[in-house]
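Data block below; observations after.
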Amino acid sequence: MKQVRLLAPIALCLALACTPAQAQTLPGDTVEERAINGARAYVEDHQLQNPSLTILLISLFRNAMPAYAQQWEELTGIKVNFIEYGYTDIPSKIMAEAIAKTGQYDVFNHFPYVVPDAAGAGVLMPLDDYTERGRPDFSGIEPALRAQQRYNGKQYFFLLDGDHIILVLRKDILDLPGAKEEFQAQHGWEPGCPETMAQWEQLASFFHTKKGDTRWGKTFDQDLYGAMGYRAINFSYRHFPAYFGGLLFDQDMNPLVNTPHGVEAIRAFSSIVQYMPPDIQGWGTPQIYPFWASGQAFSVMSFPSIVGYGNKNPQTQIVGQQLSCIVPGVMRDGQLVRRSPQAAGTGYMVNRHGKHPELAYYFLQWFTGPQQGDVAIADPQGFWDPMRRSNLDNPAIVEKFGSQFIETTMANTKYAISLLMLEGNYEYFNVLDKNLAQVMQGNLTPEQAAARIERGWNSVTDDVGRDYQIESWRNGVASGAYLDTFQ
Amino acid sequence: MARIVLENLVKTFGAGVTAVAGVSLDIQDGEFMIFVGPSGCGKTTTLNMICGLEQPTSGQVIIGDRVVNDLEPGERHLGMVFQNLALFPHMTVFENIAFGLRVRKVPTADLNERVSRIAETFQITHLLAKKPAQCSGGEAQRVALARTTISSPDVLLLDEPLSSLDAKLRVEMRTELKRLHEQLRSTFVYVTHDQAEAMTMADRIAVMQGGRIQQLGTPLEIYRRPANLFVAGFFGMPTMNLISGRICDSDSPRFQSENLDLKLPAKAVPRTGTDRDVCIGVRSEHVLLGAQGAAGRVQLTEPLGDETLVFFDYGGPSQLVAKYRGDRTFNVGEAIVFDFDPKGVLVFDAEDETRLA
Amino acid sequence: MVAETETAPRRPAGLTAWLAQERVFRLVPFVMVEGMFLLLLALPFVLTIYISLLRWRANRPFEQAYVQGFVNYARVIGEPEFWWSLGRTFYFAGAAVTLELVLGFSLAMLVHQAFRGRRLYITIFLIPMMVVPVVVGYNFSMIYVDSGPLNQILAPILTPFGVTARIRWLSHPIAAQWAIILADVWQWTSLTFLIFLSGFAALPPELINAARVMGASRWQIFRRIQLPLLKPAIIIAVVIRTMEALKLFDQAVLLTFGGPGDSTQTIAFFLWRQVWQFNKYGFGAAASVLLLLLFSSLIYGGIYLLVRERALLQQPEGRG
Ligand SMILES: Nc1ncnc2c1ncn2[C@@H]1O[C@H](COP(=O)(O)OP(=O)(O)OP(=O)(O)O)[C@@H](O)[C@H]1O
Ligand SMILES: [Mg+2]
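Protein chains in written order, with the numbering used here: chain A, 1 to 487; chain B, 488 to 844; chain C, 845 to 1164.
As structure tokens, this is what we get:
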């Protein structure tokens, strides 16, 4: 290792001197080593004094990130600074940078679906030239998660977060004496992780219990809601694809939502709301997590981090009582289709207008690498969720999340899909959210909503440019970001 | 019509501020009573207690023959003109005048009638449609009077109503107010700190200081026979000459101070006045410039036309002033000889400042 | 000045010489002030108008944008959501400002009468105004949770009427609208209170005394003297609060994110979304130009009323 460190610059110099035009692989046995070597060589070549990087950081990570920044500085002499914003504010900062080109950030931290607009605006650095030399390793990442690092054939994004949605049930409730038998008698299957959304609704309906009722030998001293899930504006779109179970557009960008199948998805998405807390349409994570941890619901479909919250939060009432499940699916053409949208997996991008994009790139490669990335995922301070197959056998990660959860979430990654990787995606999302809300409020029927969503989506497509969208969409589908392919 | 009796009225504000410290007064029906006194002596507060804007801390207010302490201002059947007139800026002159009738729900026809009648009386008919801001000072004054008198109150309270007018207008309005009083024959209680207003209009004057009435009397009484040094000093232009000293009575009475030794006619000196520290007061018209008496030197003259005020130094702590015929001129520095007219010498106790009878 | 211009030709007629002339030199400060004004106000405005004429979504580089005329304006005007958001904003502003006026006025009237602890009350009433909107939003989102404190307080009042005190403040379309209105009222009643308190303090007490002596009842004094005299204060409060309320944004973002559906999407939030979420810069610029025209005509209307009202009440100084 030491030798490598000493030799690396020399080797690099030689390599550059000999074949300046040809991209050469950086020295180093691991992804992380190559990144470190690349960064050091870059600093040396460009004779940088006090090199530094600035990350536009999601403020959620403000506690966890500095330790890695310090580590990077120790390894390479590059100081890492942060500018923090809430995740809703970051896309506008990125887009403003596209116009202002200030170079004040080197790295952007956000969700993959910010990539299309940002790449379209030219603010993201395509990283393929760098990856050729740095050779990052994505082999442990499921294809759909991996695919969302790319847009229109170029890599812009380094993922470090398997934040695809899962379902969690309450073991203690399932295990109440006689509950399972009664359920089985009623529904003909043994209650546990449901296979389909319809089964989940059966569970929700069955276990939904009023305060004061006595069932299975237990008197409920508070309401037990059958289900919980994200139904607020700006959240619904992250869950809907799980109910839809397929591509949202055909190969010519015609929406597929206004079909019997789409209508059914809308209906199912809205129908289960009757077993959720009445205020659910106004709730985000700050309301949903504590409510779940307080033990007032039987099941929740959420980001995976809710399991850790339910086990570790000081106020929690449900330690050890959570049963993690693979996301339920829908029946299509007689087949079970499970789809778990990557709801909020975070990652890192390089600002094209930064002073040293290449140097910024090396930080990405190092930090998200198979070893270093797993250190972050195992970090109790952090909010990075498991995403690599190797996470299953990583003791620190298993220790942090519990093996049942890890196994489930890793099984779940097989069904993970990307959210829409299209320019204008926020507007597509908003059209969907607004109309779903109208259905949940009883102002629209699922059929009417489906028609409206179709119309809204078409007008976004036209506004952005249909031909362009068709191309991006086809590229995305071909990359496997949505698991499904055109029929 | 109404007589007003104030019985030992006291008003204190919070801790320590005594605005009115025991005022007893009997104001006759139809009288023109004027309160004068320096700023802060409690005139307004007394007036406010009569009209009910302030509750007395103790004592009684009787109007007619009713104790009105517990009546609202509006129930006392009196009118008030405020220092700054307090015309309602957002209403026309007509509405200002009609306000008192409107709040009493006087029928419109009657109301219109009465407003136009009173407007004629005060010669402000042409102003009725205007806003107060569009009236001149004198016009506004008449509007305020019209507004107050339209409901023919038994008592009219006026708190320095002329103080914001210029000098000439003020003199004119005095006559108008006097005439108004004669017409209405209601009781007027009028507050001013202008002694000339008090002298020219009042039936009786109550001179106030420190929340008490210092003297009550007709203008001439107050002028000629001030009850104490304060009243003596407050009335008269120019201010009365005051000299501290001692009256000795060896064979005939003499007034002696550091720089002055004057023989006084026995008549002028009250029996109680001899052999004690006193302060004598002499109005300028009673200072005689002539052939005999003490010596002085002219310092300043103020010709008023028919008369001239001569300020001179006699060696004492302050200068004296004499009033002389206007046809003689005095030069600054000129030596003069002065004496006091015996009938104009007032003797005050040096201790309690009251006049010795 | 004539002399100045006559002596000038002695020097080479350069820029400095020209500037040195007094009549020119005197203008320099004005030029600078005007220049600053143009720079600060006019430039962004002109830029906004320019952008509004472009076909430009920010997911394309600015270099690819091109002038397409008034298409964006037509789109804004043809966008039902724009009108809904605008109408909703007027409804929020109307309800919030009305409540703020009534409450602020009543509080000011009560506090205006001198009584013990008056200062303390004034201080307490002013606190909400000083709280940062984000904090207000955050606190209210906790208060409004359907099992939260507000509903618990309301429970004893509502239950006897057979109403379940489980108002869905954040998720029922109408309750959520009122949640935002009430948060705004909570925060900004302080301001109207302050305006009215100083309004009351500025009322000449003689006018009220005069009315009392003339036999007016409390209600008549209020109705016929105080209220009309407070008109300028009322107009100020209405203009200031309406201006602010029409920009209502923080609460809508923090409490409901415009939801449920778009039932709390205000026009400011609509704009924010179009520009910063959807990256529709040209469209957003057109919408903001239209809004600027609309709002400034409203505000100038308010100011015109105020000036007229002031002029009518003006007392000439030093009467007499
Ligand atoms: N509301 C009040 N609170 C406290 N002190 C007061 C109040 N009103 C009057 N005073 C005090 O009472 C005293 C008498 O006041 P008042 O207004 O009666 O004087 P005034 O004789 O009318 O004086 P002016 O000629 O200046 O009008 C003054 O010292 C004044 O400061
Ligand atoms: Mg006074």
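Each residue gets a CB set at the ideal place from its N, CA and C atoms; glycine is no exception.
Listed by chain order, chain C residues near residue i by CB distance under 9 angstroms
i: Pro255/A; result: The premise fails here: Pro255/A is roughly 18 angstroms from chain C at the closest Cβ pair, so nothing lies under 9 angstroms.
i: Met520/B; result: What Met520/B touches in chain C: nothing, since even the nearest Cβ is about 18 angstroms away.
Residue i (DSSP reduced to helix, strand or coil)
i: Lys400/A; result: helix
i: Ser1107/C; result: coil
i: Lys810/B; result: strand
i: Gln22/A; result: In this predicted model, Gln22/A has a pLDDT of only 44, less than 50, meaning its place in the structure is not dependable enough to derive any value.
i: Met349/A; result: strand
i: Asp839/B; result: coil
i: Cys608/B; result: As written in the sequence, residue 608/B is Thr, which differs from the Cys given in the question. Here Thr608/B sits in helix by DSSP.
i: Gly704/B; result: strand
i: Asn443/A; result: coil
i: Tyr151/A; result: strand
i: Glu821/B; result: coil
i: Gly783/B; result: strand
C-beta contact flag for residue i and residue j at 9 angstroms
i: Phe827/B; j: Leu775/B; result: yes
i: Tyr722/B; j: Gln696/B; result: The amino acid at residue 722/B is misidentified as Tyr; the sequence shows Phe. Result no, Cβ atoms of Phe722/B and Gln696/B do not sit closer than 9 angstroms.
i: Phe586/B; j: Ala631/B; result: no
i: Thr409/A; j: His164/A; result: yes
i: Gly820/B; j: Val797/B; result: no
i: Asp117/A; j: Gly456/A; result: no
i: Phe207/A; j: Asp213/A; result: no
i: His356/A; j: Leu57/A; result: no
i: His353/A; j: Gly103/A; result: yes
i: Gly480/A; j: Arg238/A; result: no
i: Pro972/C; j: Trp1022/C; result: no
i: Pro752/B; j: Pro829/B; result: yes
i: Val168/A; j: Ser299/A; result: yes
i: Asn109/A; j: Ile78/A; result: no
i: Ala41/A; j: Phe363/A; result: no
Contact set between residue i and chain A, taken where Cβ atoms lie within less than 7 angstroms
i: Phe1101/C; result: Ala232, Ile233 and Asn234
Residue i: contacting residues in chain C (beta-carbon distance under 8 angstroms)
i: Ala616/B; result: Here the premise fails: no neighbours, minimum Cβ distance about 14 angstroms.
i: Phe675/B; result: Per Cβ cutoff of 8 angstroms: no residues; Phe675/B is ~15 angstroms from chain C at best.
Cross-chain neighbours of residue i in chain C, by beta carbon under 7 angstroms
i: Asn571/B; result: Glu1050
i: His680/B; result: Within chain C, no residue comes near His680/B; the closest Cβ sits about 17 angstroms away, beyond 7 angstroms.
i: Met349/A; result: Residues of chain C passing the Cβ test: none, with the nearest at roughly 15 angstroms.
Residues bridged to residue i [DSSP beta-bridge criterion]
i: His164/A; result: Gln342/A
i: Phe827/B; result: Val774/B
i: Asn234/A; result: The partner list for Asn234/A (beta bridge, DSSP) is empty, contrary to what the question assumes.
i: Cys193/A; result: According to DSSP, which records beta bridges pairwise, Cys193/A is partnered with nothing at all.
i: Asp250/A; result: Paired residues: none, contrary to the question.
i: Val642/B; result: Leu565/B and Thr674/B
i: Lys618/B; result: In the DSSP output, where bridge partners are listed per residue, Lys618/B has none listed.
i: Asp764/B; result: Arg733/B
i: Glu789/B; result: Leu796/B
i: Leu833/B; result: Gly768/B
Where residue i meets chain A, residues with beta-carbon distance less than 9 angstroms
i: Gly1105/C; result: Ile233, Gln281, Asp433, Lys434, Asn435, Leu436, Ala437, Gln438, Met440, Gln441 and Asn443
i: Leu1014/C; result: Ala232, Asp279, Gln281, Gly282, Trp283 and Gln287
i: Arg1117/C; result: Tyr426, Glu427 and Asn430
beta-carbon residue i near ligand 3 non-hydrogen atom, thresh 8 angstroms
i: Asp646/B; result: Within the structure as shown, ligand 3 is missing, the only ligands being ligand 1 and ligand 2.
Residues that residue i contacts on chain B, provided the C-beta gap is smaller than 8 angstroms
i: Gln1064/C; result: Val590
Runs of beta strand (DSSP E) wholly within the region 714-747 of chain B (minimum 3 residues, chain order): Runs found: 728-736 and 740-744.
3 or more residues per run - each beta strand (DSSP E) lying fully within the region 493-549 of chain B: 504-514 and 519-523
Start-end ranges of the beta strand (DSSP E) lying completely within the region 295-346 of chain A, minimum 3 residues: 299-302, 322-325, 330-332 and 335-337
Alpha helix (DSSP H) runs wholly inside the region 27-98 of chain A, at least 4 long, in chain order: Runs found: 31-45 and 65-76.
Uninterrupted alpha helix (DSSP H) stretches inside the region 1009-1047 of chain C (no shorter than 4 residues): Listed in chain order, the complete alpha helix (DSSP H) runs (minimum 4 residues) inside the region 1009-1047 of chain C are 1017-1046.
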